[in-house]
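Student: Residue numbers (the working numbering): 10 to 420. C-beta atoms are modelled at their ideal positions from N, C-alpha and C, and glycine is treated no differently. Following this message is one structure expressed as structure tokens.
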């Protein structure tokens, strides 16, 4: 069965060709607003382009070249690669800001706690949390979806189930994580420092308490090449877990519900055939990924898409653009809910593919299974204009929606 729907509404056109060819800026709010059209133009004009912004860097917009850069860490380093992304953290995010073999050591600390079997035990608790959140607004027939559901769900689930962190700290940590990841935000540096301080205090409290057998214990008790893990390595690893666990899943939920509001036939089909939801999640992530780009640095001369990349050059992989490359995906700008071949890059690729992807898929699937039957006639509030988070991630800053009021379930 091939159920496909075209790009919602009348999306804005691409930015000017000169901007695409010479002045591409991944931090631009104009790019966030026009991303599908602008990146389609980038793939047409310059699959591997060169921008003069941020000291100069290459932009990779096609699938094959994105995979090439992501998978070849011997040429394109993550340890030195994030300078063009606007991140100014206190410590390295580990393992994403390290290369193999160091990267593998930190990845092995995390992976066992986020396997399909490990996250499956959280499904009922996640479903109960989803129900409580929906009950908080379902009788009103309207809500601000990002604040009412999209941000609280992954935050609460991750805090309570994965980190075993104090729930009363969640609002503060979510704020710090969100603001620290916004390029050029006047509070960015202060929020990075605040996040560092909170994690340091959290780690100390966990060391003083009984073991929980969770990922935090694994990090605190780790040995790195025969030595105890350092304090900054502990903080950097937990910091990455927080940033990945809170921000990107919230963005994915917001983008999915925005699409549902603009194309009501998609949620209507999923309500009619809920067995399609599990397969719809990867397709919705492909078409609207919340994690859109990442930086690398060439550590030796190389050839990329017919261009000579020099040692020290910065390279931006644009995952969202690669996800719509017609060379990899048939009918790439349509939502095909049962797409058979879907090697999307929304969780990255290569050594740094997202360790939390199984948890994200669980949260998204359970959320859609509970949201769709309870929120009928989903619409954007009249007059709503959606603005997007910019930089490495893209998600609605706010998403005011309306729907048919329904009863609380209270379970």
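Hey, would you say residue 70 sits closer than 8 Å to residue 331, going by beta carbons?
Tutor: As a working note, residue 70 is residue 61 in the chain shown. As a working note, residue 331 is residue 322 in the chain shown. The answer is yes: Cβ separation under 8 Å.
Student: Could you check whether residue 386 and residue 413 sit closer than 8 Å to each other, using their CB atoms as the reference points?
Tutor: Translated into positions along the chain shown, residue 413 becomes position 404. Translated into positions along the chain shown, residue 386 becomes position 377. Against a cut-off of 8 Å, the Cβ pair of residue 386 and residue 413 comes out as a contact.
Student: Can you list, in chain order, the residues of its chain whose CB lies under 8 Å from that of residue 224, leaving out five sequence neighbours each side?
Tutor: Translated into the one-based positions of the chain shown, residue 224 becomes position 215. For residue 224, where only same-chain residues beyond five positions count, the Cβ hits under 8 Å are 118, 119, 122, 123, 171, 172, 250.
Student: What's the call for residue 222, buried or exposed, on a 16-neighbour Cβ count within 10 Å?
Tutor: If you number the chain shown from 1, residue 222 lands on position 213. Exposed, since its Cβ has fewer than 16 Cβ neighbours within 10 Å.
Student: Suppose you measure from the CA of residue 102 to the CA of residue 318; what does that come to, to the nearest Å?
Tutor: The residue you call residue 102 lines up with position 93 of the chain shown. The residue you call residue 318 lines up with position 309 of the chain shown. Each residue's alpha carbon lies about 26 Å from the other.
Student: Buried or exposed: which applies to residue 19, given that a residue is buried once 16 or more other Cβ atoms fall within 10 Å of its Cβ?
Tutor: If you number the chain shown from 1, residue 19 lands on position 10. Because residue 19 carries a pLDDT of 49, less than 50, the predicted location of this residue cannot be relied on, and no value is offered for it.
Student: Cα separation between residue 36 and residue 59?
Tutor: Counting from 1 along the chain shown, the entry for residue 36 is found at position 27. Counting from 1 along the chain shown, the entry for residue 59 is found at position 50. If I take the Cα positions, the gap works out to 15 Å.
Student: Just verifying my parser: in three-state terms, what is the DSSP assignment at residue 353?
Tutor: Indexing the chain shown from 1 puts residue 353 at position 344. Residue 353: coil per DSSP, three-state reduction.
Student: Reducing DSSP to helix, strand and coil, say where residue 117 ends up.
Tutor: The count along the chain shown starts at 1 and reaches residue 117 at position 108. Three-state DSSP puts residue 117 in a helix.
Student: Suppose you measure from the CA of residue 128 to the CA of residue 54; what does that come to, to the nearest Å?
Tutor: As a first step, residue 128 must be located in the chain shown, where it is residue number 119. As a first step, residue 54 must be located in the chain shown, where it is residue number 45. Rounded to the nearest angstrom, the two C-alpha atoms are 42 Å apart.
Student: What runs of the alpha helix (DSSP H), each 4 residues or longer, lie entirely inside the segment 227-253?
Tutor: As far as the segment 227-253 is concerned, its whole alpha helix (DSSP H) runs of at least 4 residues are 240-252.
Student: Measuring alpha carbon to alpha carbon, tell me which of 226, 410, 136 ends up nearest residue 153.
Tutor: Residue mapping note: residue 153 aligns to position 144 of the chain shown, counting from 1. Comparing Cα positions, the closest option is 410.
Student: Should residue 193 go down as buried or exposed, given a rule of 16 or more other Cβ atoms within 10 Å for buried?
Tutor: Here residue 193 is taken as the residue at index 184 of the chain shown, counted from 1. Burial call: exposed.
Student: Give the secondary structure of residue 411 by DSSP, where H, G and I count as helix, E and B as strand, and everything else as coil.
Tutor: The residue given as residue 411 occupies position 402 in the chain shown. Residue state, collapsed to three classes: strand.
Student: What number of angstroms, rounded off, separates the C-alpha of residue 266 from the C-alpha of residue 183?
Tutor: One-based indexing of the chain shown puts residue 266 at position 257. One-based indexing of the chain shown puts residue 183 at position 174. Straight-line Cα distance between these residues: approximately 21 Å.
Student: Since residue 337 and residue 352 should fall inside the 8 Å C-beta cutoff, what is the C-beta to C-beta distance between them, to a whole number of angstroms?
Tutor: Looking up residue 337 in the chain shown gives position 328. Looking up residue 352 in the chain shown gives position 343. Correct: roughly 7 Å between the Cβ atoms.
Student: For residue 344 and residue 275, which I take to be in contact (beta-carbon distance under 8 Å), what is that distance rounded to the nearest angstrom?
Tutor: Residue numbering aside, residue 344 sits at position 335 when the chain shown is read from its first letter. Residue numbering aside, residue 275 sits at position 266 when the chain shown is read from its first letter. Correct: roughly 6 Å between the Cβ atoms.
Student: By how many angstroms is the C-alpha of residue 279 removed from the C-alpha of residue 299?
Tutor: Within the chain shown, residue 299 is the residue found at index 290, counting from 1. Within the chain shown, residue 279 is the residue found at index 270, counting from 1. Going from the Cα of residue 299 to the Cα of residue 279 covers about 21 Å.
Student: Name the residue from 32, 372, 394, 100 whose alpha carbon lies nearest to the alpha carbon of residue 137.
Tutor: Counting from one through the chain shown, the residue named residue 137 turns up at place 128. Of the candidates 32, 372, 394, 100, the one whose C-alpha sits nearest the C-alpha of residue 137 is 372.
Student: Going by DSSP, what residue range makes up the alpha helix (DSSP H) through residue 58?
Tutor: Counting from one through the chain shown, the residue named residue 58 turns up at place 49. That residue, residue 58, is in no alpha helix (DSSP H); its beta strand (DSSP E) goes 57-60.
Student: CA-CA distance, residue 256 and residue 391?
Tutor: As a working note, residue 256 is residue 247 in the chain shown. As a working note, residue 391 is residue 382 in the chain shown. So the alpha carbons of these two residues sit roughly 27 Å apart.
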